[in-house]
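Peer 1: This is the structure, below, for whatever I ask next.
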């Protein structure tokens with residue numbers, strides 16, 4: 001009787017089969033189905049719900065129509081708004097705040113460091129829906145905690161969700177996402193040999209000089225990794241929908257929210273699929289950049 005080795009290719013394929021089937025059903029097949037639908041006029045209601053017509057690049061041309069591209073509520077406006085949101089929230093907000101917190105944590109007493117890390121990580125691990133509704137309850141004009149505090153000290157309340165909705169979602173996403181950057185940079189700083197900083201202390205270097213001349217050059221690979229990852233996550237984030245629903249007047253309608261409105265509110269599945277394909281291509285570009293940087297870092301480590 002032939003023995004069945006656990007290390008054989010057949011055994012490996014057998015163990016991988018359930019996972020491969022799930023990936024095919026929920027990732028690969030939907031991926032190609034979305035691409036196919038983007039070339040049709042499929043909708044939820046009417047004749048095209050059952051028998052959609054092939055329209056070629058019509059959906060893509062409609063998205064990039066120069067006459068409506070910059071109009072509020074259209075694809076171009078959401079794309080530009082999402083770009084601004086990513087730059088302010090991810091690149092400027094999360095990365096810089098996480099880097100600053102991680103550097104400050106290197107010099108504080110351990111009890112304070114543990115308490116701060118616990119508070120920051122709590123913002124990261126709590127479910128997005130819970131965090132979103134908590135912020136909505138905090139900022140609500142009529143019964144929100146913020147306005148309750150302001151009115152109790154004699155100041156007028158502020159309807160930030162109506163007056164400054166874009167800056168609200170930028171601040172909200174920065175507050176939530178800075179935890180990942182802080183944890184990544186904290187690990188990077190701890191990997192630097194303490195003797196480097198001890199020698200700088202002997203030379204009389206200030207904290208800023210140690211950060212600029214020692215820490216930052218040694219963690220530049222971590223900085224690039226952090227920037228790419230948080231850019232991808234922020235580009236696809238949907239949580240601001242809980243706060244503003246994309247409003248008022250489409251002023252906070254990011255690409256993820258725009259896709260949801262077109263596909264599941266306007267029921268234009270073909271157009272929504274076209275937006276999804278464009279988002280996938282943008283994410284693919286980010287992923288390729290990340291993989292290239294990761295490979296270059298591995299080669300440097302091997303050398």
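Numbering (full-length UniProt numbering), first residue to last: 1 to 303. A virtual CB, placed ideally from N, CA and C, is assigned to each residue, including glycine. Since the structure is predicted, the reported quantities are computational estimates derived from the model, not experimental observations.
#1: Could you have a look at residue 54 and say whether DSSP puts it in helix, strand or coil?
#2: Just list the residues that DSSP pairs residue 268 with in beta bridges.
#3: Given a cut-off of 8 Å on the beta-carbon distance, is the pair residue 197 and residue 214 in contact?
#4: Would you mind reading off the limits of the alpha helix (DSSP H) that contains residue 90?
#5: What is the DSSP secondary structure of residue 1, reduced to helix, strand or coil?
#6: Which residue marks the beginning of the alpha helix (DSSP H) containing residue 38, and which one marks its end?
#7: If you drop the 5 nearest sequence neighbours on each side, which residues of the same chain put their C-beta closer than 7 Å to that of residue 166?
#8: For residue 40, I'd like the list of residues in its chain whose CB is within less than 7 Å of its CB, leaving aside the five on either flank, ordered along the chain.
#9: What runs of the beta strand (DSSP E), each 3 residues or longer, lie entirely inside the segment 90 to 143?
#10: Return the residue from the list 132, 249, 241 that minimises the CA-CA distance to residue 256.
#11: Counting Cβ pairs, one atom from each stretch, are 3 or more of them under 8 Å apart for the segment 121 to 137 and the segment 172 to 189?
#12: By how many angstroms is the C-alpha of residue 175 removed from the C-alpha of residue 228?
#13: Please report how far the alpha carbon of residue 45 lies from the alpha carbon of residue 35, in whole angstroms.
#14: Rounded to whole angstroms, what is the Cα-Cα separation between residue 199 and residue 85?
#15: Give me, in chain order, the residues of the same chain whose beta-carbon lies closer than 7 Å to that of residue 272; leave out the 5 immediate sequence neighbours on both sides.
#16: Using the rule of at least 16 other Cβ atoms within 10 Å of the residue's Cβ for burial, across every protein chain shown, is residue 37 buried or exposed?
Peer 2: If we stick to the structure as given:
#1: What you label residue 54 is simply residue 54 of the chain shown in a count that begins at 1. Residue state, collapsed to three classes: strand.
#2: Looking up residue 268 in the chain shown gives position 268. In DSSP, residue 268 forms a bridge with 43.
#3: Numbered from 1 along the chain shown, position 197 holds the residue referred to as residue 197. Numbered from 1 along the chain shown, position 214 holds the residue referred to as residue 214. Yes. Within cutoff.
#4: Along the chain shown, one-based indexing puts residue 90 at 90. Careful: residue 90 lies outside any alpha helix (DSSP H) and carries neither H nor E.
#5: As a working mapping, residue 1 is identified with position 1 in the chain shown. Residue placement at residue 1 is flagged as unreliable, the pLDDT there being 49, under the threshold of 50; the coordinate-derived value follows with that caveat. Coil, per DSSP.
#6: Start at 1 with the first residue of the chain shown, and residue 38 comes out as number 38. Per DSSP, residue 38 belongs to no alpha helix (DSSP H) and is neither H nor E.
#7: As a first step, residue 166 is located in the chain shown; it is residue number 166 there, counting from the start. 251, 252.
#8: By 1-based counting over the chain shown, the position of residue 40 is 40. If we look at residue 40 and ignore the five residues flanking it on each side, its Cβ neighbours are 52, 53, 54, 55, 270.
#9: none
#10: Position 256 of the chain shown, counted from the start, is the residue given in the question as residue 256. Nearest of 132, 249, 241 to residue 256, Cα basis: 241.
#11: yes
#12: Residue mapping note: residue 228 aligns to position 228 of the chain shown, counting from 1. Residue mapping note: residue 175 aligns to position 175 of the chain shown, counting from 1. Going by the C-alpha atoms only, they are around 18 Å apart.
#13: In the chain shown, counting from the first residue as 1, residue 45 sits at position 45. In the chain shown, counting from the first residue as 1, residue 35 sits at position 35. The straight-line gap from Cα to Cα measures roughly 20 Å.
#14: Sequence index remark: in the chain shown, residue 199 carries index 199 (1-based). Sequence index remark: in the chain shown, residue 85 carries index 85 (1-based). Taking the straight line from one Cα to the other gives about 41 Å.
#15: Counted from its first residue, the chain shown places residue 272 at position 272. Cβ within range, chain order: 259, 262, 263.
#16: As a position in the chain shown, residue 37 is number 37, starting the count at 1. Buried is the call here.
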